[in-house]
Amino acid sequence: MTTLAPSAWSDADRERFWSIQQAALPGNPSATGTRGAVSTALNGLAARVGEEALRQGGSAVDAVMSAALAQIVLGGGAVISAFGILALMHHDAASGETTSLNAGWNTVRGETDALSIPGKINPAGDGMANMIGDSEPSGRTAMVGGFMRGLEAAHRRYGKLRFARLFDAAIELAEDGFTVPPGLARYIDVRKDDLARLPETRAVFFKADGRPYGEGDKFRQPALAETLRRVASEGADYMYTGAWAARCVEAVQRDGGKMTLEDLAAYQPIWSDPVTIERQGYTLALLGEPCEGSVNLIESLNLTEAAGIREIGHWSTSAESLVCLAKCCAAMGGMRYDSPEEQQAAFPGIDMSRTSRLTRDHAAALWSRLEEGSPIRLIPRGTHSDVVVAIDADGNMAALCHSINCLIWGKTAIVVDGVSVGDPASYMQSMVAATPPGTQLPNPIEVGLVLKDGRPEIAWSSMGVGLHYQTTQSLLNVIDFGMTVEQAANAPRLLLPISPDGSQRELTLRVIDGEFPSELLDATGVEIKAISPAEARFAQGLWVAVQRDPDTGMLSAISPSYTNGQATAIA
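Per the numbering used here, the very first residue in the sequence shown carries number 10; after that it's consecutive.
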């Protein structure tokens with residue numbers, strides 16, 4: 010029987026994509042074709058899995074979902090999980106319909122005092138080990154992840170391959186194993202004390218001699234392979250009403266959590282109309298409600314319009330533009346206040362409601378305040394996602410982001426039959442408290458499509474610590490400055506700054522060394538922090554895209570620089 014797994018690929022393809030997978034910086038050449046394209050931010054081998062789905066007649070949804078499952082296995086469940094979350098934007102070429110799927114975290118119905126949930130992320134930690142913190146593990150930090158329900162819902166609506174086929178590569182990779190690459194080895198080493206806490210987790214990440222898996226070791230995940238087989242044959246119910254669900258609830262409750270079988274059984278992903286914004290003759294279709302990320306992005310784009318960045322010129326050639334961009338990105342990237350009252354106190358007299366933040370009038374008022382030097386608050390750092398985008402031979406486009414939404418397995422490091430559970434509520438207490446128990450949290454993910462005259466030209470997705478910064482810049486590059494997706498992905502970029510107290514009262518510009526002329530940075534008159542290209546993976550947002558030329562039909566795909574993601578296409 011034909012399979013999507015690497016064992017069925019040519020020797021040359023296996024060798025090439027395993028080489029990409031194991032390399033820290035394999036390069037990010039664009040890929041072009043006419044019959045389909047796929048790109049990933051991380052785990053380049055997974056892009057080839059998605060390509061194989063397209064080659065065997067699968068849809069764009071089949072491609073992104075099979076690739077996402079492979080990414081989870083290749084990452085050891087550290088930053089993405091089969092019990093994490095996903096967001097999907099999709100355009101159906103036959104009907105012209107553009108849709109949005111949210112499969113984010115559901116809050117636990119029995120959690121009635123969310124502000125007392127233990128844990129926090131340390132925003133002052135300049136380095137992963139410092140950010141892990143020392144709070145006690147608590148099952149109360151777990152929430153109900155929608156990844157597998159979302160995958161199943163998207164496949165039912167837009168899939169062409171059999172559901173079980175999506176799992177081919179992930180099951181083989183988990184069963185046969187692979188050589189531990191440097192990135193995964195680093196994650197295990199940083200989190201080794203927490204990974205050793207529970208017997209089931211220790212059995213996954215520690216060898217028979219008691220040492221944690223390290224670079225170069227053969228790493229197998231047989232328990233995860235068996236869970237994926239059961240889902241492939243029985244559907245997502247296995248994880249929400251079946252045996253896995255019962256074991257998950259037992260593990261969470263053993264650590265003091267309040268999750269129940271009813272919480273899992275009640276989970277349903279949300280289909281909704283996209284949030285849209287018109288700009289320079291394009292329509293941006295973004296993830297629909299419940300969405301935090303789409304509101305953030307629209308406000309940021311409107312701020313750049315109020316600041317006149319397009320008229321001033323690109324930030325790679327204008328110090329004034331670079332400073333304006335920094336203010337626009339930092340303002341929106343930091344609108345996570347503990348309460349509406351605290352948010353209002355930062356910008357008195359400006360309506361900070363979600364409805365207002367989608368308007369250009371709001372952006373104009375907020376920009377005037379930013380010009381006056383109002384303090385800006387930043388998002389704490391984190392590393393917890395991966396993305397895939399695809400276009401198939403029929404012109405359907407899919408853009409996916411999935412995440413564990415916590416820092417590498419989480420402090421609890423709960424693993425159930427090979428699936429990592431995570432501790433996302435450990436730093437989102439105020440957001441959980443503001444969300445009715447048993448309902449879906451607002452989603453911080455930024456993912457979308459760019460359309461012209463109702464036809465999609467670009468599908469894109471973003472992730473990482475500076476996803477908001479990178480997404481804003483990438484879309485401005487394409488829409489305001491006429492770049493291709495390849496040019497946009499490789500243009501000089503502004504990174505999320507780091508601040509000891511989580512605020513940015515004095516503007517700081519953080520860049521990758523060598524991307525901007527030194528004289529331009531000097532002309533800004535503000536503090537500059539440059540990092541090396543080797544550090545960039547953990548300091549920037551990652552943006553991937555596929556593009557269809559409306560005149561020629563040629564497809565292009567691009568992955569980020571400074572990662573082991575990869576773009577691939579079918580000629």
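We put the CB at the ideal spot given by N, CA and C, even for glycine.
Euclidean distance between Cα positions of residue i and residue j
{"i": "Q438", "j": "G86", "result": "23 Å"}
{"i": "G511", "j": "L505", "result": "Confidence at G511 is low in this model, with a pLDDT of 48, below 50, so the placement of that residue should be treated as unreliable; the coordinate-derived value is given next. Taking the straight line joining both Cα atoms gives about 12 Å."}
{"i": "G59", "j": "V47", "result": "6 Å"}
{"i": "S68", "j": "A178", "result": "16 Å"}
{"i": "G574", "j": "G358", "result": "44 Å"}
{"i": "I286", "j": "V555", "result": "20 Å"}
{"i": "G265", "j": "A274", "result": "20 Å"}
{"i": "R149", "j": "E120", "result": "8 Å"}
{"i": "F215", "j": "A205", "result": "8 Å"}
{"i": "V494", "j": "S75", "result": "24 Å"}
{"i": "Q513", "j": "C337", "result": "Note that Q513 scores a pLDDT of 49, beneath 50, so its modelled location is shaky and nothing firm can be said."}
{"i": "D531", "j": "I521", "result": "15 Å"}
{"i": "T598", "j": "G53", "result": "Since the first residue shown for the chain is 10 and the last is 580, residue 598 is missing from the structure and cannot be characterised."}
{"i": "S527", "j": "L503", "result": "14 Å"}
{"i": "G93", "j": "I307", "result": "25 Å"}
{"i": "L379", "j": "C333", "result": "9 Å"}
{"i": "C415", "j": "F356", "result": "29 Å"}
{"i": "P542", "j": "L193", "result": "19 Å"}
{"i": "R238", "j": "I180", "result": "7 Å"}
{"i": "G154", "j": "V88", "result": "13 Å"}
{"i": "M440", "j": "D272", "result": "18 Å"}
From the options, residue whose alpha carbon lies closest to that of residue i
{"i": "C410", "options": "H99, T517, A32, S565", "result": "H99"}
{"i": "D282", "options": "Q479, L207, N111", "result": "N111"}
{"i": "A500", "options": "A21, N37, A434", "result": "N37"}
{"i": "V82", "options": "A183, P451, T43, S147", "result": "A183"}
{"i": "G534", "options": "G168, L331, E308", "result": "L331"}
{"i": "D198", "options": "R519, A498, R220", "result": "R220"}
{"i": "A482", "options": "H323, L416, G457, G427", "result": "Per the sequence presented here, residue 482 reads as Gln, with Ala not at that position. For Q482, the nearest C-alpha among the options comes from H323."}
{"i": "P146", "options": "Q262, I413, G491", "result": "Q262"}
{"i": "S412", "options": "N405, G431, A163, D122", "result": "G431"}
{"i": "G159", "options": "P127, Y249, S242", "result": "Y249"}
{"i": "Q65", "options": "A217, L124, I126, T12", "result": "T12"}
Residue i, buried or exposed, once every other Cβ within 10 Å from all chains shown has been counted against 16
{"i": "K538", "result": "exposed"}
{"i": "A14", "result": "buried"}
{"i": "V487", "result": "buried"}
{"i": "R57", "result": "buried"}
{"i": "R464", "result": "exposed"}
{"i": "R171", "result": "exposed"}
{"i": "P132", "result": "Caution is warranted here: a pLDDT of 46 is assigned to P132, below 50, making its placement in the model unreliable, and the coordinate value is therefore given only provisionally. P132 is buried by the Cβ-count criterion."}
{"i": "A40", "result": "buried"}
{"i": "P445", "result": "exposed"}
{"i": "P451", "result": "buried"}
{"i": "R200", "result": "buried"}
{"i": "P602", "result": "Within the shown structure, residues of the chain are numbered from 10 to 580, placing residue 602 beyond reach of any answer."}
{"i": "Y196", "result": "buried"}
{"i": "Q30", "result": "buried"}
{"i": "E381", "result": "exposed"}
{"i": "R557", "result": "buried"}
{"i": "G491", "result": "exposed"}
{"i": "G366", "result": "Going by the sequence as given, residue 366 is Arg instead of Gly. R366 is buried by the Cβ-count criterion."}
{"i": "T480", "result": "buried"}
{"i": "E536", "result": "exposed"}
{"i": "R174", "result": "buried"}
{"i": "P559", "result": "exposed"}
Proximity of residue i and residue j at Cβ, strictly below 7 Å
{"i": "A245", "j": "E298", "result": "no"}
{"i": "F156", "j": "A62", "result": "no"}
{"i": "S570", "j": "A576", "result": "no"}
{"i": "L460", "j": "T292", "result": "yes"}
{"i": "D203", "j": "A340", "result": "no"}
{"i": "K129", "j": "Y478", "result": "no"}
{"i": "V73", "j": "V553", "result": "no"}
{"i": "L207", "j": "G457", "result": "no"}
{"i": "I454", "j": "A96", "result": "yes"}
{"i": "Y276", "j": "N115", "result": "yes"}
{"i": "R256", "j": "V425", "result": "yes"}
{"i": "A102", "j": "N405", "result": "yes"}
{"i": "A260", "j": "L270", "result": "no"}
{"i": "R369", "j": "V304", "result": "no"}
{"i": "A580", "j": "L564", "result": "no"}
Integer-rounded CB distance, given that residue j should sit under 8 Å from residue i
{"i": "A407", "j": "A468", "result": "7 Å"}
{"i": "V189", "j": "E224", "result": "6 Å"}
{"i": "A335", "j": "L518", "result": "6 Å"}
{"i": "A328", "j": "W376", "result": "18 Å between Cβ atoms; not a contact."}
{"i": "L233", "j": "G105", "result": "The Cβ separation is near 39 Å, so there is no contact."}
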